[in-house]
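Chemist: One structure coming up, written as structure tokens, with questions to follow.
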């Protein structure tokens, strides 16, 4: 331990002799941008990690609304079970899709110079592809879902100038002007999800 201390003191003495000195103020000004960047990248990465795993999971909803079905009569049990199923995939699922859609639209807007209608089309195509692949292989759907978000992070690290700033007001205005396109996309996604759920349930029962 004593030998190690002497080596450290000798090293610091050689640095001071060469005219290089360390100071707390200089260290703070140097490390502050690094710490801010690391914190921002961690927050972004954790959000994207949660985001794409939720999007790529075949069974999206973990909460079982059917547990609130306390009816003992077979007819009413089946009736309320159907109501809860419709509630999940006709009301809650579109809300999830809308949130994912907005996130992907914003991310693509940052790195793309395409027209807004093409951005909407590409965003919904990415969501639809991810949802369809989730029923085939969840690992594949995860790779597709995280493609754009982590590509944006890679572009930011390489050259932040490649990321274009956007005006939220302009995005909202363009989105409202193309709301019919988005509505058609949502109807297709919801119908496709219901078909996939029914087909997956049929295959599961057939295998049993």
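Numbering (my numbering), first residue to last: 5 to 212.
Each residue gets a CB set at the ideal place from its N, CA and C atoms; glycine is no exception.
None of these values were measured; they are calculated from a predicted model.
#1: Should residue 56 and residue 128 be called a contact, given that it needs their Cβ atoms to be closer than 8 Å?
#2: For a quick check, are the C-beta atoms of residue 132 and residue 60 less than 8 Å apart?
#3: Would the beta-carbon of residue 40 fall within 8 Å of that of residue 150?
#4: With DSSP collapsed to three states, give me the class of residue 64.
#5: Look at the alpha carbon of residue 199 and the alpha carbon of residue 47, and state the distance between them as a whole number of angstroms.
#6: Taking only three categories from DSSP, how would you classify residue 150?
#7: How would you label residue 101, buried or exposed, when you count the other beta carbons within 10 angstroms and need 16 or more for buried?
#8: Indicate whether the contact test is met: 3 or more Cβ pairs, each with one atom in the segment 115-130 and one in the segment 172-189, closer than 8 Å.
#9: Of the residues 146, 187, 205, which one's Cα is nearest the Cα of residue 4?
#10: Alpha carbons only, please: which of 194, 158, 64, 144 is nearest the one belonging to residue 114?
#11: Which of the three DSSP states is assigned to residue 140 in this structure?
#12: Report, in whole angstroms, the separation of the C-beta atoms of residue 111 and residue 156, which I expect to be a contact under 8 Å.
#13: Mind checking residue 145: buried by the 16 CB within 10 Å criterion, or exposed?
#14: What does the Cβ neighbour count give for residue 22, buried or exposed, with the cut at 16 atoms within 10 Å?
#15: Output the boundary residues of the alpha helix (DSSP H) element that contains residue 111.
Modeler: The answer reads as follows:
#1: no
#2: no
#3: no
#4: coil
#5: 36 Å
#6: coil
#7: buried
#8: yes
#9: Lying before the first or after the last residue shown, residue 4 is absent from the chain, which here runs from 5 to 212.
#10: 158
#11: coil
#12: 5 Å
#13: buried
#14: Confidence at residue 22 is low in this model, with a pLDDT of 49, below 50, so its placement is unreliable and no value can be given for it.
#15: 97-115
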